[in-house]
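K.L.:
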Amino acid sequence: MTKKLVFVRHGQSEWNLANKFTGWVDVDLSDKGVEEAISAGNKIKEAGIEFDVAYTSVLKRAIKTCNYVLEYSNQMWVPVYKSWRLNERHYGALQGLNKKETADKYGDEQVHIWRRSYDILPPLLDDNDHDKLSNQREYRYLPEELVPRGENLKVTLERCLPYYEDHIAKDLLEGKTVLVAAHGNSLRAMAKHIEGISDDDIMDLEIPTGSPLVYELDDNLKVIKKYYL
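Taking numbering that gives the first Met the number 0, the leading residue of the sequence shown gets 0, the next gets one more, and so forth.
1. Determine the DSSP secondary structure at residue 29, reduced to helix, strand or coil.
2. Can you give the beta carbon distance from residue 152 to residue 188, rounded, assuming they're within the 8 Å contact cut?
3. Looking at C-alpha atoms only, which residue of 223, 177, 124 and 83 is the closest neighbour of residue 69?
4. Nearest to residue 129 by CA position, among 137, 143 and 168, is which residue?
5. I think residue 146 touches residue 132, with their Cβ atoms under 8 Å apart; what is that distance to the nearest whole Å?
6. List in chain order: all unbroken alpha helix (DSSP H) runs of 4+ residues lying wholly within the segment 97–161.
7. What is the DSSP secondary structure of residue 17, counted as helix, strand or coil?
8. For residue 6 and residue 206, which I take to be in contact (beta-carbon distance under 8 Å), what is that distance rounded to the nearest angstrom?
9. Could you tell me which of 113, 72, 219 and 209 sits nearest to residue 60, measuring between CA atoms?
10. If you measure between the beta carbons of residue 55 and residue 62, is that distance less than 8 Å?
11. On the three-pair Cβ rule with 8 Å, is the segment 88–97 touching the segment 149–165?
12. Would residue 52 and residue 83 qualify as a contact pair, given that the criterion is a beta-carbon distance under 8 Å?
13. What residues match up with residue 6 in a beta bridge as DSSP calls it?
14. Taking 8 Å as the threshold (C-beta atoms), are residue 11 and residue 32 in contact?
15. Could you tell me the boundaries of the beta strand (DSSP E) in which residue 55 lies?
16. In angstroms, rounded to a whole number, what distance separates the CA positions of residue 183 and residue 201?
17. Can you give the beta carbon distance from residue 15 to residue 29, rounded, assuming they're within the 8 Å contact cut?
18. State yes or no: is the C-beta of residue 0 within less than 8 Å of the C-beta of residue 170?
What follows is the structure, given as structure tokens:
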């Protein structure tokens, strides 16, 4: 029996619009982001995809995207589970900085390496900022060593994968159709695992906003078909 998994990347956020590194900072959707999330919901409704369960991060831009998708596909009753493990990649000390100004300061090549390299970390949070993050209500229950100071895509995958295997893959194997509304890098990390994409090639994968990515999977969760709505 074919399994179905749908990824929706959150719509444009206020900091996407402002061209800032966002990461784990909990910024809201922009007006355009709301429109993109609604569009994704309408596309899912038109495709006749019916979910059994949905997953999202603990960041409001992904949560709201999930809510809009379920609302506009007439599926608001579907249970939704939230986890910090589906958060966006943590950009470390780059968070809150303007991307153009950072490139002017450090050079385009260095910023490109920080943003797109698979295994090179960004500048890390200092102790004070890390303590502030660790004490936020969303993360206060986590062991301090699990709260990142900064992540690359490799570390993001290591964070997401246990949750994917323990929850998302488990649901798929039980025959459930699953929605994951999350972030560009957490979705790319899981796509790398699902598709078996190499460390080099994953850097070229870009999941667009507002366009649901549908995976049809076999009984071993290998990709039969992949397409965008």
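From the three backbone atoms N, C-alpha and C, an ideal C-beta is built for every residue, glycine too. Just so you know, these numbers come straight off a predicted model, no measurement behind them.
P.N.:
Once the coordinates are examined:
1. Coil, per DSSP.
2. 6 Å
3. 177
4. Residue 129 has its Cα closest to that of 143, out of 137, 143 and 168.
5. 6 Å
6. 98–105, 107–115 and 126–133
7. coil
8. 6 Å
9. 209
10. yes
11. Touching, yes.
12. Their beta carbons are not under 8 Å apart, which means residue 52 does not touch residue 83 by this criterion.
13. 179 and 212
14. A contact, by the Cβ cut-off of 8 Å.
15. 52–55
16. 12 Å
17. About 7 Å separates the CB atoms of residue 15 and residue 29; that is less than 8 Å, so the two are in contact.
18. Not in contact: residue 0 and residue 170 (Cβ atoms no closer than 8 Å).
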